[in-house]
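What follows is one structure encoded as structure tokens, with my remarks underneath.
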Amino acid sequence: MITTTNVFNILWLGDRACNDPAEVGGKAAHLSRLAADYQVPPGFCLTATAFDPDHSADAPLPTALAAALAAAYEALACRVGVPDVPVAVRSSALDEDGDLASFAGQHETELNVVGVDDVLDAVVRCWASGRNERAMAYREQQGLDTKGVRLAVLVQQLIKADTSAVVFSANPVSGNRDEVVVTASWGLGESLVSGTVTPDTWVVRKADLAVKEKRLGAKERMTVAVTGGTREVAVPRLLRKRASLSEAQVAELAQLAVELEEKMGRPVDIETAFAGDLLYLLQCRPITTLDESSLDTRATV
Amino acid sequence: MKQHGPIPAPPDFPVVWEDPDDERLFWTRDAMHFPYPVNALEGEFLVRIAQGNGFARAREAYDMPVKMLVRLVNTYLYSAPAPVVAPEEMEAVGERSQEKIEEAMSRLGERWRGEYLPEIQEYLRDWDRFDLRGASTPELLAHLDETVARFRRLWEIHFTIAIPMMVSVSTFEEFYRDLFGSDGAFDAYRLLQGLDNKTVETGRELWRLSRQALKMPEVREVLEENAAADVVPALEGSAQGREFLAELDAYLDQYGHRGDLWGISYPTWAEDPTPVIKMLKDYVTQSGGGPDEELASLAAERERHLSDTRERLEGYPRAVRDEFEFLLKVAREGVVLSEDHGFWIDFNSTARVRGVVMEFGHRFAEAGVIQRPDDVLHLNLDEIRETARRLPDLDRRDLISRRKAELERFAEVQPPPALGTPPPGPPPDNPVNRTLMKFFGGPPQPSGEPGVLRGNPGSPGVVRGRARVLRSLAEAAGLRQGEVLVAETTAPPWTPLFATAAAVVTDTGGILSHCAVVAREYRIPAVVGTGAATATIKSGQTVEVDGNAGIVRILSENES
């Protein structure tokens with residue numbers, strides 16, 4: 004693991020220092036803990052300490068900070084083995100704690116950012132997003148502090164997924180805890196997660212990883228990486244009829260879900276991506292809708 | 002769905018169905034391959050054996066749920082699809098059939114090179130080894146039987162490869178269009194251009210011959226100053242001329258086994274090189290790098306576009322990239338084969354058949370049982386056999402007169418584009434039907450504007466020029482440099498004229514027709530499948546051909 008100790012607090016996923024939500028926000032801290040044991044795409048966080056809430060969206064970052072970020076980006080590129088490695092740049096708010104309100108989509112996320120200049124610009128935009136109207140309105144609705152918001156920024160290798168899969172370690176529809184449900188579709192996970200596609204679905208028995216049910220979905224659209232970002236495009240008709248995962252991949256995913264459920268102590272929904280021959284873990288959250296409490300996710304523990 | 006009644010036949014085209022059930026099918030005319038009345042022997046070879054049996058074997062090989070029936074109606078060729086399975090099974094059978102076609106697609110190039118082409122070449126050698134002139138009647142009759150058997154087999158091969166060959170190109174185009182949309186109709190096809198094939202090779206070798214002629218002053222002079230029909234006798238008068246004629250013979254030996262259109266009815270270039278001479282005459286007036294340069298330029302453009310496309314695909318899932326590369330590979334094989342199979346089967350093999358039947362024709366004419374050798378084309382196979390066995394006792398002249406009169410009668414008539422009963426709805430949407438649509442073109446759409454014809458985009462570009470309507474290759478001498486060639490259809494033997502024409506317009510065909518594919522290789526604009534170009538445009542009128550939009554405008558009424 005790369006560790007960097009410097010005034011600007013750039014912490015790497017997988018380092019113990021990065022496991023602290025007070026430094027890097029709940030989302031990144033959670034990923035950092037997972038990164039120790041699972042194939043999480045490598046990345047680094049700019050901690051909340053460095054966050055300047057009054058930084059103008061039009062101004063460049065202070066020189067020393069920019070230099071530190073540039074060095075970290077270069078280190079990431081070295082680690083991945085790709086110069087100008089494409090990355091995802093996301094904000095990670097300090098009161099995002101993963102268990103409760105899902106802050107997904109409330110702050111800025113930029114995908115397929117390439118090159119140090121674009122990365123620095125993306126960081127600035129992330130900082131600005133902490134104060135945008137949508138984020139503010141959401142925070143108010145959740146009864147959260149709207150003035151003292153503190154943001155960390157996560158810069159992580161972007162996985163150009165061949166297939167993205169969301170896996171539930173319990174059946175989210177029936178509540179059956181003996182089953183794993185695998186949903187998958189072509190390309191990056193955005194189309195799958197946003198619900199614009201009808202994915203392929205497998206229901207797998209936990210006990211022996213046998214496939215109980217298999218339904219090929221229409222898989223109408225996919226998110227692909229294009230210059231400057233990503234785009235959702237139509238899936239060629241030939242590939243709509245083809246399963247987006249092999250039997251072996253389905254089993255691998257079910258296995259991973261079972262392991263993570265054991266580790267977390269509760270049913271989880273995980274976001275994953277297959278790229279080349281590797282399986283990446285992108286996110287792992289408890290399945291909130293299985294809680295005995297109501298769907299109102301404001302219930303506090 | 003609305004069920005239509007049968008199409009009423011025009012009064013000058015009375016239809017009597019041998020099988021009354023035929024009237025319930027939807028018959029369309031194949032004007033692309035057979036624009037003119039079909040004689041008896043053509044009916045045997047090209048209709049019954051080639052199209053009929055050949056396609057049926059292919060249908061079996063791929064378990065296709067629809068068969069194609071072919072009939073001669075009043076001397077014109079019509080075909081109709083007929084289902085082979087019950088309506089509720091259609092989709093499932095169709096899907097399995099598609100899988101078989103896709104499997105064949107992936108092995109096509111390998112099978113062509115390893116199995117089919119060697120088999121075809123063996124038959125050609127066998128044919129060329131046989132001494133037609135010296136054979137006795139029984140030997141010639143046995144040879145006829147072998148010829149029929151070989152021909153049957155060759156056309157089974159033809160359709161067995163034609164289906165996956167065309168579907169591969171169409172599938173590739175669809176995949177490309179699914180991914181990138183299309184700025185124009187031609188984007189995907191640019192990745193398949195400049196791949197060399199036997200059709201452009203034929204034109205290229207002719208170009209080389211023309212460069213040789215330019216180096217031989219006496220030959221050059223003869224070509225420049227004589228009408229095409231007078232060139233050969235003029236060349237025979239000098240040593241240099243005879244040297245050139247030897248080169249021409251060598252060319253014709255390789256490339257001359259082809260006539261005007263498809264079939265056995267037209268003299269081949271080897272028999273009558275006038276169309277070739279005409280093309281040579283044009284070529285000696287043209288300068289520049291010629292087809293070699295053109296091919297290199299098309300190939301370079303293709304590779305650039307391919308490189309751009311691969312870059313775009315870098316961010317796409319591996320399944321997409323892999324499928325693209327696979328389809329590109331099979332489409333490349335397909336597009337080359339779409340011209341090469343014609344060279345080897347449609348033309349070379351058919352020319353050998355003509356040689357055999359014309360030998361009978363010469364003997365019958367010598368014996369006085371027919372008037373001229375090519376009258377043999379008006380007899381069917383059994384009639385030829387009987388006439389040969391009973392030579393010179395069986396006089397066929399009356400029979401032939403009656404048959405010729407029928408052909409003449411219907412040559413004057415405009416055959417209806419369709420007969421029988423229109424189907425209640427459009428044909429099912431599947432890869433094979435979409436492919437056929439691209440090859441044959443859909444029914445022509447009226448433009449709604451006078452002087453404007455709507456067809457299918459065939460080759461990009463917009464050009465204006467004087468129209469020249471050609472009804473046969475024999476009329477090709479009338480085509481002048483820079484004119485717009487207008488024809489019912491252009492078979493591969495016409496394509497060297499594309500170096501002379503500024504654009505081409507046809508009545509028949511779609512974006513994957515021979516005319517369109519080759520027009521793109523010659524980089525001249527083409528509008529195909531207009532339906533009425535030869536009936537509407539007159540030679541001498543100025544026309545504008547917009548190959549991007551598929552529109553032809555008649556700009557002036559001046560006729561010559």
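Going line by line, the protein sequences match chains A and B.
Quick note, the first sequence lines up with residues 4 to 304 if you use our numbering.
Quick note, the second sequence lines up with residues 2 to 561 if you use our numbering.
C-beta: ideal position from N, C-alpha, C; glycine also.
Only a predicted model underlies this, so the values are computations on that prediction, with no experimental measurement involved.
Element boundaries [alpha helix (DSSP H), containing residue i]
i	result
asparagine 434 of chain B	432–441
proline 427 of chain B	Taken as a continuous stretch (DSSP letters only), proline 427 of chain B belongs to no alpha helix (DSSP H), as it is neither H nor E.
threonine 76 of chain B	Looking at the DSSP string, threonine 76 of chain B is not in any alpha helix (DSSP H), and its letter there is neither H nor E.
tryptophan 130 of chain A	119–132
leucine 210 of chain B	199–215
isoleucine 121 of chain B	118–130
leucine 109 of chain B	91–112
leucine 263 of chain A	250–267
alanine 186 of chain B	Alanine 186 of chain B -> no alpha helix (DSSP H), and no H or E assigned at all.
alanine 488 of chain B	It is not in any alpha helix (DSSP H) - alanine 488 of chain B instead sits in the beta strand (DSSP E) that spans 485–488.
alanine 240 of chain B	240–256
Sub-8 Å separation of residue i and residue j beta-carbons
i	j	result
threonine 166 of chain A	threonine 186 of chain A	no
isoleucine 102 of chain B	isoleucine 164 of chain B	yes
threonine 490 of chain B	alanine 59 of chain B	no
asparagine 12 of chain A	alanine 53 of chain A	yes
leucine 72 of chain A	valine 27 of chain A	no
isoleucine 265 of chain B	phenylalanine 46 of chain B	yes
threonine 269 of chain B	glycine 257 of chain B	yes
leucine 314 of chain B	glutamine 194 of chain B	no
threonine 50 of chain A	proline 175 of chain A	no
tyrosine 77 of chain B	valine 48 of chain B	no
alanine 544 of chain B	glycine 466 of chain B	Checking the sequence, you will find valine at residue 544 of chain B rather than alanine. Yes; because the gap between Cβ atoms is below 8 Å, this pair is in contact.
leucine 378 of chain B	leucine 125 of chain B	no
tyrosine 177 of chain B	alanine 189 of chain B	yes
serine 239 of chain B	glutamate 226 of chain B	no
leucine 37 of chain A	leucine 284 of chain A	yes
glutamate 387 of chain B	leucine 400 of chain B	no
Beta strand (DSSP E) segment containing residue i, residue limits
i	result
proline 458 of chain B	457–460
valine 207 of chain A	203–208
valine 464 of chain B	463–470
aspartate 87 of chain A	Counting along the chain, aspartate 87 of chain A falls outside any beta strand (DSSP E), and DSSP gives it neither H nor E.
arginine 30 of chain B	27–30
aspartate 547 of chain B	543–547
alanine 527 of chain B	527–529
alanine 419 of chain B	419–421
Nearest-angstrom beta carbon gap, residue j and residue i [assumed within contact, 8 Å]
i	j	result
methionine 166 of chain B	leucine 338 of chain B	5 Å
valine 83 of chain A	glutamine 160 of chain A	5 Å
serine 514 of chain B	valine 529 of chain B	6 Å
glycine 511 of chain B	asparagine 549 of chain B	Not really, about 15 Å apart at Cβ, beyond 8 Å.
proline 468 of chain B	glutamate 450 of chain B	Note on identity: in this sequence residue 468 of chain B is alanine, with proline being the wrong assignment. With a Cβ gap of about 18 Å, alanine 468 of chain B and glutamate 450 of chain B do not count as contacting.
proline 493 of chain B	glycine 260 of chain B	Not quite, the Cβ-Cβ distance comes to about 11 Å (not below 8 Å), so this is no contact.
valine 433 of chain B	valine 71 of chain B	17 Å between Cβ atoms; not a contact.
proline 497 of chain B	leucine 207 of chain B	6 Å
glutamate 237 of chain B	arginine 524 of chain B	No, glutamate 237 of chain B and arginine 524 of chain B are not in contact; Cβ-Cβ is about 37 Å, not under 8 Å.
tryptophan 198 of chain B	glutamate 340 of chain B	Before going on, a small fix: residue 198 of chain B reads as asparagine here, not tryptophan. Contact holds; Cβ gap of about 4 Å.
DSSP beta-bridge partners of residue i
i	result
serine 274 of chain A	Checking the sequence shown, residue 274 of chain A turns out to be glutamate, not serine. Beta-bridge pairing links glutamate 274 of chain A to A:Val169, A:Gln286.
glycine 190 of chain A	A:Thr226
phenylalanine 92 of chain A	Looking at the sequence itself, residue 92 of chain A is valine, so the reference to phenylalanine does not match. According to DSSP, valine 92 of chain A bridges with A:Glu113, A:Val158.
phenylalanine 46 of chain B	The partner list for phenylalanine 46 of chain B (beta bridge, DSSP) is empty, contrary to what the question assumes.
leucine 34 of chain A	Looking at the DSSP assignment, leucine 34 of chain A forms no beta bridge with any residue, so it has no partner.
glutamate 235 of chain A	A:Thr226
glycine 290 of chain B	Answer by DSSP bridge pairing: none, since glycine 290 of chain B is not bridged.
lysine 213 of chain A	Note that residue 213 of chain A is alanine in the sequence shown, not lysine. A:Arg208.
tryptophan 15 of chain A	A:Phe47
isoleucine 552 of chain B	B:Arg455, B:Asp547
**Report entry** Where the segment 174–203 of chain B meets chain A: residues whose CB sits under 8 Å from a CB there
**Finding:** For chain A, the residues of the segment 174–203 of chain B that bring a beta carbon within less than 8 Å of one of its beta carbons are Glu175, Phe176, Asp179, Leu180, in chain order.
Query raised in the report: Between the segment 296–320 of chain B and chain A, which residues of the former have CB atoms less than 8 Å from a CB of the latter, in chain order?
Result: Within the segment 296–320 of chain B, the residues whose Cβ lies closer than 8 Å to some Cβ of chain A are Arg313, Glu315, Gly316, Tyr317, Pro318, Arg319, Ala320, listed in chain order.
Requested in this report: Pull out every residue of the segment 235–250 of chain A whose Cβ sits closer than 8 Å to any Cβ of chain B, in chain order.
Outcome: Those would be Val236, Ala237, Val238, Pro239, Arg240, Leu241, Leu242, Arg245, Ser247, in chain order.
Requested in this report: May I ask you to list, following chain order, the residues of the segment 317–342 of chain B that have a beta carbon less than 7 Å from some beta carbon of chain A?
Outcome: Taking 7 Å as the upper bound on Cβ-Cβ separation, chain A lies near residues Tyr317, Pro318, Arg319, Ala320, Val321, Glu324 of the segment 317–342 of chain B.
Query raised in the report: According to a CB-to-CB cut-off of less than 8 Å, which residues of the segment 142–176 of chain A neighbour chain B?
Result: Residues Lys163, Ala164, Asp165, Thr166.
Report task. Report the residues of the segment 189–205 of chain A with a CB closer than 8 Å to any CB of chain B, ordered along the chain. Result -> Cβ contacts with chain B: Trp189, Gly190.
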